[in-house]
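Using our numbering, the first residue of the sequence shown is number 46, and each one after it goes up by one.
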Amino acid sequence: MKTRPFTLSFTQQEPISETAIAAAVSVLRSGRLHRYNVVEGELSQAALLEREFAAFQASRYCLACASGGYALQLALRAIELAAGEYVLTNAFTLAPVPGAIVAAGGRPLLVETTADLTPDLDDLERKALASKARVLLLSHMRGHMPDMDAVMALVSRHGLVLIEDCAHTMGASWAGRKSGTFGHLACFSTQTYKHLNSGEGGLLTTDDDTLAARATVMSGSYMIYERHGTVPALPAVEGVRLRMPNLSGRMDNLRAAILRPQLEELDRNVERWNERYAVLAERLGACNAVHMPQRPPQERYVGSSIQFLVPDMDAAQASAFVAACAGQGVELKWFGRGEPLAFTSTHHHWQFVEGQSLPQTDRILAGLFDMRIPLTFSPADCAHIADIILDAIAGRENA
Ligand SMILES: *Cc1c(COP(=O)(O)O)cnc(C)c1O
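In structure tokens form, the structure reads like this:
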């Protein structure tokens, strides 16, 4: 190893800004932490966040709730998923995605993955036809968007209901159109490692009155849904308010208060992430042993993490490679690991999902490495990290 070790933490986010801290302190001083606890004429922080995020997405409705996974569950329940109904979704995604499908009573039908880490649209079409599934929960896992024009053509060919999981595409777009505005509903996360940080939190968006009404009522709005930031027209709410179960999962004003100033910084932070991503992608991409997922020109992504493939490493080499990087302070996740670790698991580990044969995905995951890019790293830090990774790859080849 010729490169000096890297010493910063891969799990250290930037501090919450003084503006956001002041907003939080103001909520604490008021004592009104619950989103419906307002004084005459006041719009709560949660309601204001809903308005601002709806405007950011150019969506009609936004619902702030407890987590991204909870938002996914609400979206699936809002479309009145039937018990045992198939839901098409990516095989390569995070465990809360199939988890939300199972929680809503559905059966995940997993779609193969391409080397660009997007769902294989041929496999999707085959499975849509064979299963007659009505729902596609498209997870933009690690920020990789499939060709959204092709997806929308497929959605319309098969009359699918599309839900977008935008946990890693908040701030991203396809051909100038925001990720999350293609589907009937979209779900976002404000968990610490996503693009806005409130510890935990979720946002659901839609343009549909009935879906918005159902989701709002289910989130636990009692009879005070008019205190939401974007309220569906009353007839839509009246039609569902006593019929939908109360699944109590609201966002509180404290979290909303610290998210609002962060939303103002989001576009700027997307540029900062992409500046760091570019340094890593360029260096890693120049190595013959590495395959970087291709990112089409229509995709404006958010490089808050980076994935790369080293296709001809066997399992022992991959373990040694991850260990060599870790020894130099670089924390890589490897999707080919036999055992789940920390946040990383694969379809093989999800015993709550019916086992499915996904040979193409397995081949991809066997050589897939993943790394967070916190904004506490500078572009120079990213160059340093790339050098360590490249050393470790070269070390493997010489071994
Ligand atoms: C984080 C994440 C979720 C779930 O969000 P939470 O807010 O943690 O519940 C869903 N999908 C993907 C791809 C994620 O990364």
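All C-beta atoms in this analysis are idealised placements derived from N, C-alpha and C, irrespective of residue type, glycine included.
List in chain order: all unbroken alpha helix (DSSP H) runs of 4+ residues lying wholly within the segment 218 to 300.
254 to 263 and 279 to 285
Between which residues of its own chain and L53 is the CB-CB distance below 7 Å, once the five residues before and five after are set aside?
Taking the first residue of the sequence shown as 1, we reach residue 53 at position 8. Around L53: T421, F422 and D426.
For A65, name the three-state secondary structure that DSSP assigns.
By one-based count along the sequence shown, residue 65 stands at place 20. Three-state DSSP puts A65 in a helix.
If I measure Cβ to Cβ from I351 and keep anything under 8 Å in the same chain, skipping five residues before and after, which residues do I get?
Here residue 351 refers to the residue found at position 306 when the sequence shown is read from its first residue. Taken in chain order, the residues that qualify are Y322, L325, A326, L329, D415, M416 and I418.
Return helix, strand or coil for D426, following the three-state DSSP convention.
Taking the sequence shown and counting its residues from 1, the one referred to as residue 426 is at position 381. D426 falls in the helix class under three-state DSSP.
Does I303 get closer than 8 Å to chain D when you measure Cβ to Cβ?
This model lacks chain D altogether; it includes just one protein chain.
Return the chain-ordered ranges of every beta strand (DSSP E) run that is complete within the segment 368 to 443 and spans a minimum of 3 residues.
413 to 417
Tell me, to the nearest whole angstrom, how far the beta carbon of E130 is from that of G151; I am working on the premise that it is less than 8 Å.
Position 85 of the sequence shown, counting from 1, holds the residue named residue 130. Position 106 of the sequence shown, counting from 1, holds the residue named residue 151. Contact holds; Cβ gap of about 5 Å.
Compute the Euclidean distance between the alpha carbons of T163 and R313, then round it to the nearest angstrom.
The residue you call residue 163 lines up with position 118 of the sequence shown. The residue you call residue 313 lines up with position 268 of the sequence shown. If I take the Cα positions, the gap works out to 26 Å.
Quick one, which of P60, S89 and Q58 has its alpha-carbon nearest L73's?
By 1-based counting over the sequence shown, the position of residue 73 is 28. When each option's Cα is compared against that of L73, the closest is S89.
Backbone secondary structure at A116 - three-state DSSP:
Along the sequence shown, one-based indexing puts residue 116 at 71. Helix.
Cβ shell of V335 (< 8 Å), same chain only, five flanking positions each side left out
In the sequence shown, counting from the first residue as 1, residue 335 sits at position 290. Correct list, in chain order: L329, F353, L354, V355 and I438.
Go ahead and pull the three-state DSSP assignment for A99.
As a first step, residue 99 is located in the sequence shown; it is residue number 54 there, counting from the start. Of the three classes helix, strand and coil, the one that applies to A99 here is helix, per DSSP.
With three or more beta-carbon pairs closer than 8 Å as the criterion, would you say the segment 270 to 286 touches the segment 220 to 229?
no
Q343 (DSSP reduced to helix, strand or coil)
Residue mapping note: residue 343 aligns to position 298 of the sequence shown, counting from 1. Note: Q343 maps to coil in three-state DSSP.
With a CB to CB cut of under 7 Å and the five nearest residues on each side skipped, what residues in its chain are close to I433?
Along the sequence shown, read from residue 1 onward, the residue named residue 433 stands at position 388. Cβ neighbours of I433 beyond the five flanking positions: T48, F51, C370, Q373 and V375.
Alpha-carbon to alpha-carbon, R441 and A365:
To locate residue 365, count along the sequence shown from 1; it is residue 320. To locate residue 441, count along the sequence shown from 1; it is residue 396. One C-alpha to the other measures close to 8 Å.
In the DSSP assignment, what are the bridge partners of T158?
Against the sequence shown, residue 158 aligns to sequence position 113. T158 is bridged to P164.
Could you give the distance in angstroms between the alpha-carbon of H273 and the alpha-carbon of L230?
By one-based count along the sequence shown, residue 273 stands at place 228. By one-based count along the sequence shown, residue 230 stands at place 185. Near 18 Å, if we compare the C-alpha coordinates of L230 and H273.
Which residues mark the beginning and the end of the beta strand (DSSP E) in which C350 is found?
Within the sequence shown, the letter at position 305 stands for residue 350. The question names Cys, yet the displayed sequence has Ser at residue 350. Segment S350 to L354, the beta strand (DSSP E) holding S350.
Shorter than 7 Å, the distance from the beta carbon of K223 to the closest heavy atom of ligand 1, or not?
Taking the first residue of the sequence shown as 1, we reach residue 223 at position 178. Flag unset: Cβ of K223 not near ligand 1.
May I ask you to check if the CB of V142 is nearer than 7 Å to at least one heavy atom of ligand 1?
Counting from one through the sequence shown, the residue named residue 142 turns up at place 97. Checking every heavy atom of ligand 1 against the Cβ of V142, one is found closer than 7 Å.
Let's see if you can read the secondary structure: which residues bound the alpha helix (DSSP H) around V147?
One-based indexing of the sequence shown puts residue 147 at position 102. Here the alpha helix (DSSP H) through V147 covers P141 to A148.
CB-CB length for R96 against R295, believed under 8 Å
Stepping through the sequence shown from its first residue, residue 96 is reached at position 51. Stepping through the sequence shown from its first residue, residue 295 is reached at position 250. Actually they do not touch by this definition, with Cβ atoms about 16 Å apart.
Mark Q339 as exposed unless 16 or more other C-beta atoms lie within 10 angstroms of its C-beta, in which case mark it buried.
Taking the first residue of the sequence shown as 1, we reach residue 339 at position 294. Burial call: exposed.
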